[in-house]
Every structure is written in C-alpha cells, then in structure tokens.
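Protein chains: 2
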Amino acid sequence: MSILVVGSVAFDSVKTPFGEAKDILGGSASYFSIAASFFSPVNLVAVVGEDFGDQFLDLFKSFSIDTRGLKRIPGRTFRWTGEYGFALNEAKTLETQLNVFENFLPEIPAGYRNSEYVFLGNIDPVLQREVLRQVKKPRFVACDTMNYWIQSKLNELKKTLALVDILIINDAEARMLTSEPNLTKAARTIRSWGPKTLVVKKGEYGVAMFMDGSIFGAPAFPLEEVFDPTGAGDSFAGGFVGYLAKAGRMDEQTVRKAVIFGSVMASFNVEDFSLNRLKRLLPSEIQQRYREFKNLTHFEVDDSF
Amino acid sequence: MSILVVGSVAFDSVKTPFGEAKDILGGSASYFSIAASFFSPVNLVAVVGEDFGDQFLDLFKSFSIDTRGLKRIPGRTFRWTGEYGFALNEAKTLETQLNVFENFLPEIPAGYRNSEYVFLGNIDPVLQREVLRQVKKPRFVACDTMNYWIQSKLNELKKTLALVDILIINDAEARMLTSEPNLTKAARTIRSWGPKTLVVKKGEYGVAMFMDGSIFGAPAFPLEEVFDPTGAGDSFAGGFVGYLAKAGRMDEQTVRKAVIFGSVMASFNVEDFSLNRLKRLLPSEIQQRYREFKNLTHFEVDDSF
Chain X
88 MSILVVGSVA
98 FDSVKTPFGE
108 AKDILGGSAS
118 YFSIAASFFS
128 PVNLVAVVGE
138 DFGDQFLDLF
148 KSFSIDTRGL
158 KRIPGRTFRW
168 TGEYGFALNE
178 AKTLETQLNV
188 FENFLPEIPA
198 GYRNSEYVFL
208 GNIDPVLQRE
218 VLRQVKKPRF
228 VACDTMNYWI
238 QSKLNELKKT
248 LALVDILIIN
258 DAEARMLTSE
268 PNLTKAARTI
278 RSWGPKTLVV
288 KKGEYGVAMF
298 MDGSIFGAPA
308 FPLEEVFDPT
318 GAGDSFAGGF
328 VGYLAKAGRM
338 DEQTVRKAVI
348 FGSVMASFNV
358 EDFSLNRLKR
368 LLPSEIQQRY
378 REFKNLTHFE
388 VDDSF
Chain H
88 MSILVVGSVA
98 FDSVKTPFGE
108 AKDILGGSAS
118 YFSIAASFFS
128 PVNLVAVVGE
138 DFGDQFLDLF
148 KSFSIDTRGL
158 KRIPGRTFRW
168 TGEYGFALNE
178 AKTLETQLNV
188 FENFLPEIPA
198 GYRNSEYVFL
208 GNIDPVLQRE
218 VLRQVKKPRF
228 VACDTMNYWI
238 QSKLNELKKT
248 LALVDILIIN
258 DAEARMLTSE
268 PNLTKAARTI
278 RSWGPKTLVV
288 KKGEYGVAMF
298 MDGSIFGAPA
308 FPLEEVFDPT
318 GAGDSFAGGF
328 VGYLAKAGRM
338 DEQTVRKAVI
348 FGSVMASFNV
358 EDFSLNRLKR
368 LLPSEIQQRY
378 REFKNLTHFE
388 VDDSF
C-alpha cells in the first residue's frame, strides 16, 4: 500500500487578507505526504538545504512518513513568496528562489522501488519519467503538472502522460493543455494521450473526474472561512491517492470516494496556514466531513414523470 | 398550481462561435414560461410591440401558457443583440433597445390574481413590488434580479427581497449584492434580508442552494456542445419554480429535486439557439437527464474510518 511521492519541499512566505506567515513549511510533496499519510504509508523523495531543521524531519516522521529519500544538501531550501487577495482564488507569486531545487535529480532509494503507488508531483516531465525508470512496475502512477511545463515542454509532458494512469490538474491547465475551452472535450483529448482517469480541480467550484464512460462531479466543501488556499490542490491529491492506495482498487465507485476524500483533505487544509490544520486533524473529523459531503450533494430519485 | 411570471419577452440577435441568428424569440419570461410549462400551468405577464407576430403567441399557447397578460401595444418589441466568445461564459452585449419595455407597467389580469406561485423576472424592483401588490397571497414568491438593479436601486431591491421567499441569482450578483467574496457568508447575509431560500447559479460550475441549516451543491450537466448559453438562467428558474409548483411542497428534499430539474432544463436550453431545443423537448428526455444527474453526482457512504 506504500505511496512513493516525488516533489518539492519548500519554505513559503504567505500573505492573505487574514494574516501573514514567513518561512513556513510548504511545497507540493509536503502537503501531499501529510494528507496521504492519514490513509496509507508514504515514501518521500525531495531535496532540501542545510537550513531545513530537524524539527521538520521530525514532523514528517510523526506522520510515519519515510524520509530516507529526503536529501539534505549544501545550500538553501526552495523558497516561495506569494499573496492572495480577498477572492482567494489565485495566488500572486512575489518571489521564487529555486535554490537546491534547481538541480534536483530524483534518486529513488532501493527501499522505495517496490512502492505500489506513485505520485509524480509537479516537476520537469523529463524528471517525472526518470522517476518511473527507477521504480518496479507500480499498481498505478498518478501525476500533476503546471502551466510552466505545458508551455515550455509540451512534447516531453505528453511522453510522460503516456506512462501515467491518473492525471490530476486544474481546469485552466486542462484547457491550456488541449487549447479547448470545453472541459468535457478537453478531458476526452487528454485521456486519449494516456491517463485513463483524469481529475480536474476547479478550486472553490469543486472537482470533475473523467473515467471510461462516466463523469463524476463534486462541489467543494462550502467554508465560511478560507484562511490560506496554499496547498489545497496538493492536499487534495494526497487524500485522493492516499485513499486509493488504502482501498487497493480502482473501480469507479472507489475512485469517486477517493475524490471526496481528496476534497475533504483540501477543505481542512485551507482552514489555517501551512500544514497547521492537518497537523491537528483527527481521523474522526475526516469521517465526519465525508458524511457532510454526502449530505451536501444528496438528492432523491424522481418518479413524477 | 398556476405560476404567474412577470418579465421580458424580446427579440434577440445572437452570435456564438457556432452560428448566428437574428430576431429570434428571447427574453427572461419567454425562457421561464416554456421551461416551467413542462411542469405546471403558466400565466404570462409581459409587453410586446406591433412587430410581435401571431406565430409567437401561438407558440406560447401550444405550451398551454396563458397569454391574456401578454400585452401587444404600439411600438417595437424589446431587442437585445449580443455575442459569445469561445469560452461561452459571458455574453457581450452589443446593443439593447428597450422599445415598448421601457415604460412597462405590469398589470395583472383578474384571472391571474389567484396564481399560487409567483416568479418576478428581472425588472425594476419597484415594479416587482407593484406585481405583489396586485396578487392575492401566493404560496410562494420567487425572484430574479441583475447587477443593474443592485448598483442603481439597492435600497428598493432590499425592500422587494423582504417580501420574497426564494431568490435566484448568479454568483457574481450574490457577491456584488453583499460586497462579500465568500459565497457562504454572502448567502447568510442575503437570507437575513428576507428570502429563506437562496439559489446561486454558477454557470458551467453548477448551482448552490442555501436553506435553513442546509446547503445543497450540484454540478452543471457536462455537455460537449454548448451552442448558445442565452436563457440558461431563465430556463433554470422555469424548471425550478415549475417543479416546486407541481410538487406543491417546499421541504428540503423537494427543493433539492427542483434544483436538479432546473439544471436539466438549462442544460437542454443551451443545446440550440433561442427556444429551439425546448420546443422539441420530450418529457421522457427530462426524466432521462434527471437520472443522468443522479449518476453524475452519486457516491457511496464510507465506513473505512
């Protein structure tokens, strides 16, 4: 049931209308790992600098995340500075310092190579394939990407997608990837390139999931207080992949449930800065919010016609 | 079970990336009436000019819509010209000719004054209250509005909202009405002004419905071909109010079903220009798409935690 995740571990400085925090733990692999760890064991591969203190390593370990693949090397950790306006729907990046992440070449420790599930975080699609070259045949590979790779390395990205079972991206990325404004048509095109399952995140508007002959639509959890949206997509992916690995199945009903667990994890994550909310999250709260999602979306069949 | 609707009947000229049509039947009350007529009898109040041919009256009558309240007076019918880009999410208005609609003073025929259900289309909030003054106590009043009235007549609009049971608006209007970007908070504020039930339309992202102690979220039906979005919101309102009038109840499960029937009618409406799709729509197709909505949103409960 182990999940291998390869991605970024970073220090973020974030300003929202509700507060400001400096040098807090962030990065796609951090959010993914801690969200997924509520469901399945996680093997983490990333790179950090000398400024990455033991307390952060201890945090990962406290979630039973295997950090043998988290390399600490000379230099500074990847740093991102951004801010959100009142609408909270898009981050404005103020500064990106790649630092040690700039020359990241993922090395998969021997003990990780039998991971049954793989999540390729948002890194160069060439490196995503390099990760796949190093692992034995996993049960499934899920993948993220971003506008930067779509614009600068589309052909490499398509080569990676041909090897991927599940692509998890946002709606703007799906449209950009296919130059097609209609999401249903865009999904058909992307699925023809490789990923049998496509999960499209629409932020406050929820998620659409496309599989063979079926579309699933789920709203986002309606929160009155969204404190910091950073990491929402990565904690979604963590809950989604984490639940699938726990279930050990990829049938349609299981994937639908995974979409809801992903949405649950994202909804908790945005309630506080960094990983603060996930750090104090209880399994019973996950269970409770899953039930609330059921109540949010349920309607009865109709026989009035 | 009769529904009284007061709103606009117009001729639209519409250009989409898929085609162009001139002087086709449009207006909020046209879309509302024909969509609602699949569920309940409709009494129409609107004004048209001498250029409004009998064939359009005959169309309304073929849907058993009562047109005694549709006044034909000297002058030209309200005309709207607009176009949509490839994203189809927002109309660009090229021209509005109010014509006979400019001095519209709704007069409710005696035979309509016992209508049990009232839908106040998007007209001056002062006139919306004037309509309510003329009817006997209906079982419920539903209401639409738009950014123009929010910006120019907010206090009058609030007076109208105090008399309304259900407000049906889009998400940008809900945010503008309350100066609050968080939709859940905006809903709380709007409901405190009068309407116990708030339905927020989010276009391709579906609908959120707020009632006492409960939120319902439904995605839009995923269409590969959206031909012309004009009238989607009004045909939603027609299906929503039409189903509630047919059911004769306002309990939560009934209102949730009404949201789905509204979404069904909107999804058909956008498949062709003007009312062309609704004109050839069969009740069995409504029933079928309702079932497809159930399949789109269903997920199982979970007992894995």
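Taken in sequence, the protein lines are chains X and H.
Taking the numbering used here, the leading residue of the first sequence gets 88, the next gets one more, and so forth.
Taking the numbering used here, the leading residue of the second sequence gets 88, the next gets one more, and so forth.
Backbone N, C-alpha and C fix where the C-beta goes; we use that ideal spot for every residue, glycine too.
Problem - Supposed contact pair I210/H and V93/H - C-beta distance, whole angstroms, cut 8 Å - result: Taking the second sequence and counting its residues from 1, the one referred to as residue 93/H is at position 6. Taking the second sequence and counting its residues from 1, the one referred to as residue 210/H is at position 123. With 8 Å as the limit, V93/H and I210/H qualify as a contact, their Cβ atoms being about 7 Å apart.
> Quick one: what does DSSP say D359/H is sitting in, helix, strand or coil?
Replying inline: Counting from one through the second sequence, the residue named residue 359/H turns up at place 272. Correct three-state label for D359/H: coil.
| query | Using a C-beta to C-beta distance shorter than 7 Å, which residues of chain X count as neighbours of L388/H? | reply | The residue labelled residue 388/H in the question sits at position 301 within the second sequence. Leu is not the amino acid found at residue 388/H; the sequence shown has Val there. Per Cβ cutoff of 7 Å: K381.
Distance CB(N186/H)-CB(T164/H) smaller than 8 Å: Translated into positions along the second sequence, residue 186/H becomes position 99. Translated into positions along the second sequence, residue 164/H becomes position 77. Taking 8 Å as the Cβ cut-off, N186/H and T164/H qualify as a contacting pair.
Quick check on the burial criterion: 16 or more other C-beta atoms within 10 angstroms. Buried or exposed for D141/X?
Against the first sequence, residue 141/X aligns to sequence position 54. Exposed, by the Cβ-count rule.
Handout entry: Distance, V134/X Cα to F191/X Cα
Key = Here residue 191/X corresponds to residue number 104 of the first sequence, with the count starting at 1. Here residue 134/X corresponds to residue number 47 of the first sequence, with the count starting at 1. Roughly 7 Å between the two C-alpha positions.
Checklist entry - So which residues of chain X does K283/H contact, with C-beta pairs closer than 9 Å? => result In the second sequence, counting from the first residue as 1, residue 283/H sits at position 196. By Cβ distance, chain X contributes nothing, its closest Cβ being about 18 Å from K283/H, past 9 Å.
Checklist entry - Going along chain H, which residues have a C-beta under 7 Å from A174/X? => result As a first step, residue 174/X must be located in the first sequence, where it is residue number 87. Those are P268, listed as they occur along chain H.
Legend entry - Sequence-distant residues of its chain with Cβ nearer than 7 Å to L181/H (five each side left out): Indexing the second sequence from 1 puts residue 181/H at position 94. Here the set comprises T168, G169 and E170.
| field | CB-CB length for A334/X against F297/X, believed under 8 Å | value | Along the first sequence, one-based indexing puts residue 334/X at 247. Along the first sequence, one-based indexing puts residue 297/X at 210. That belief does not hold up - the Cβ atoms of A334/X and F297/X are roughly 19 Å apart, past 8 Å.
To test your reading of the DSSP string, which unbroken beta strand (DSSP E) runs of 3 or more residues are found completely within the segment 252–294 of chain H?
253–257 and 284–288
inquiry  = For the structure I just gave you, are there three or more beta carbon pairs, one from the segment 326–341 of chain H and one from the segment 361–369 of chain H, closer than 8 Å?
reply    = no
### Task
Spell out whether any CB of chain X is found under 8 Å from the CB atom of A122/H.
By one-based count along the second sequence, residue 122/H stands at place 35. No, A122/H does not count as interfacial toward chain X.
(request) Kindly list the residues whose CB is nearer than 7 Å to the CB of I277/H, restricted to its own chain and excluding five residues on each side of it in sequence; keep chain order. (result) Position 190 of the second sequence holds residue 277/H. Closer than 7 Å at the Cβ level, and outside the excluded window around I277/H, lie L254, A261, L264, T265 and L285.
Check: So with Cβ pairs under 8 Å, would you call I302/H a contact of chain X?
Finding: The residue labelled residue 302/H in the question sits at position 215 within the second sequence. Yes, I302/H lies at the interface with chain X (some Cβ there is under 8 Å from its Cβ).
- For I121/H, I'd like the list of residues in its chain whose CB is within less than 6 Å of its CB, leaving aside the five on either flank, ordered along the chain. On the second sequence, position 34 is the one that residue 121/H refers to. Correct list, in chain order: F150, L362 and L365.
Check: Do the CB positions of V313/H and V357/H come within less than 8 Å of each other?
Finding: On the second sequence, residue 313/H is found 226 positions in, with the first residue counted as 1. On the second sequence, residue 357/H is found 270 positions in, with the first residue counted as 1. Their beta carbons are under 8 Å apart, which means V313/H touches V357/H by this criterion.
Applying the criterion that 16 or more other CB atoms from any shown protein chain within 10 Å of the CB defines a buried residue, is Q215/H buried or exposed?
Walking along the second sequence from the start, residue 215/H turns up at place 128. That one is buried.
Between which two residues does the alpha helix (DSSP H) containing T384/X stretch? Locating residue 384/X in the first sequence gives position 297, where the first residue counts as 1. T384/X -> alpha helix (DSSP H) spans P370 to T384.
Task: DSSP bridge partner residues for R166/H (one or two, in chain order) - done: The sequence position of residue 166/H within the second sequence is 79, counting from 1. DSSP lists F98/H and Q184/H as partners of R166/H.
(request) Using a Cβ-Cβ cut-off of less than 9 Å, give me the residues of the segment 357–374 of chain H that come near chain X, in sequence order. (result) P370, S371, I373 and Q374
*How is the beta strand (DSSP E) around S301/H delimited, first residue to last?*
Residue mapping note: residue 301/H aligns to position 214 of the second sequence, counting from 1. Looking at the DSSP string, the run of the beta strand (DSSP E) that includes S301/H is S301 to A305.
Decide if G239/H is buried, meaning its Cβ has at least 16 other Cβ atoms within 10 Å, or exposed. Translated into positions along the second sequence, residue 239/H becomes position 152. Here residue 239/H is Ser; the residue named in the question, Gly, does not match the sequence. Its Cβ having fewer than 16 others within 10 Å, S239/H is exposed.
May I ask you to report which of helix, strand or coil DSSP gives E107/X? If you number the first sequence from 1, residue 107/X lands on position 20. Three-state result, E107/X: strand.
Problem set entry | Sequence-distant residues of its chain with Cβ nearer than 6 Å to I152/H (five each side left out) | In the second sequence, residue 152/H corresponds to position 65, counting from 1. Around I152/H: S120, S124, V129 and L131.
Fill in: T384/H at chain X interface by Cβ criterion, 8 Å
By one-based count along the second sequence, residue 384/H stands at place 297. By this cut-off, T384/H is an interface position.
*Near-chain X residues of the segment 199–214 of chain H - C-beta to any C-beta below 8 Å*: none
### Task
With A122/H as the anchor, note down where its alpha helix (DSSP H) starts and where it stops.
By one-based count along the second sequence, residue 122/H stands at place 35. S115 to A123 is the extent of the alpha helix (DSSP H) around A122/H.
Exercise for review: Report yes or no: do the segment 383–392 of chain X and the segment 89–103 of chain H share at least 3 C-beta pairs separated by less than 8 Å?
Suggested key: no
Subject >> Burial state of S301/X (16 or more Cβ within 10 Å) >> reply: If you number the first sequence from 1, residue 301/X lands on position 214. Exposed, by the Cβ-count rule.
Counting only beta-carbon separations shorter than 8 Å, does K272/X have a partner in chain H? Walking along the first sequence from the start, residue 272/X turns up at place 185. Answer yes: the Cβ-Cβ gap between K272/X and chain H drops below 8 Å somewhere.
Around the C-beta of N242/X, are 16 or more other C-beta atoms found within 10 angstroms, so that it is buried, or is it exposed? Numbered from 1 along the first sequence, position 155 holds the residue referred to as residue 242/X. Burial call: exposed.
_Beta-carbon neighbours of Y377/H, restricted to chain X and to distances below 7 Å_ = Within the second sequence, residue 377/H is the residue found at index 290, counting from 1. Residues of chain X passing the Cβ test: D389.
Closest Cβ-Cβ distance between I347/H and chain X: below 8 Å? Indexing the second sequence from 1 puts residue 347/H at position 260. True, the Cβ-Cβ gap to chain X drops below 8 Å.
- prompt: Terminal residues of the continuous beta strand (DSSP E) containing N234/X?
  reply: On the first sequence, position 147 is the one that residue 234/X refers to. It is not in any beta strand (DSSP E) - N234/X instead sits in the alpha helix (DSSP H) that spans N234 to S239.
Per DSSP, what kind of secondary structure is D321/X in: helix, strand or coil?
As a working note, residue 321/X is residue 234 in the first sequence. D321/X: helix per DSSP, three-state reduction.
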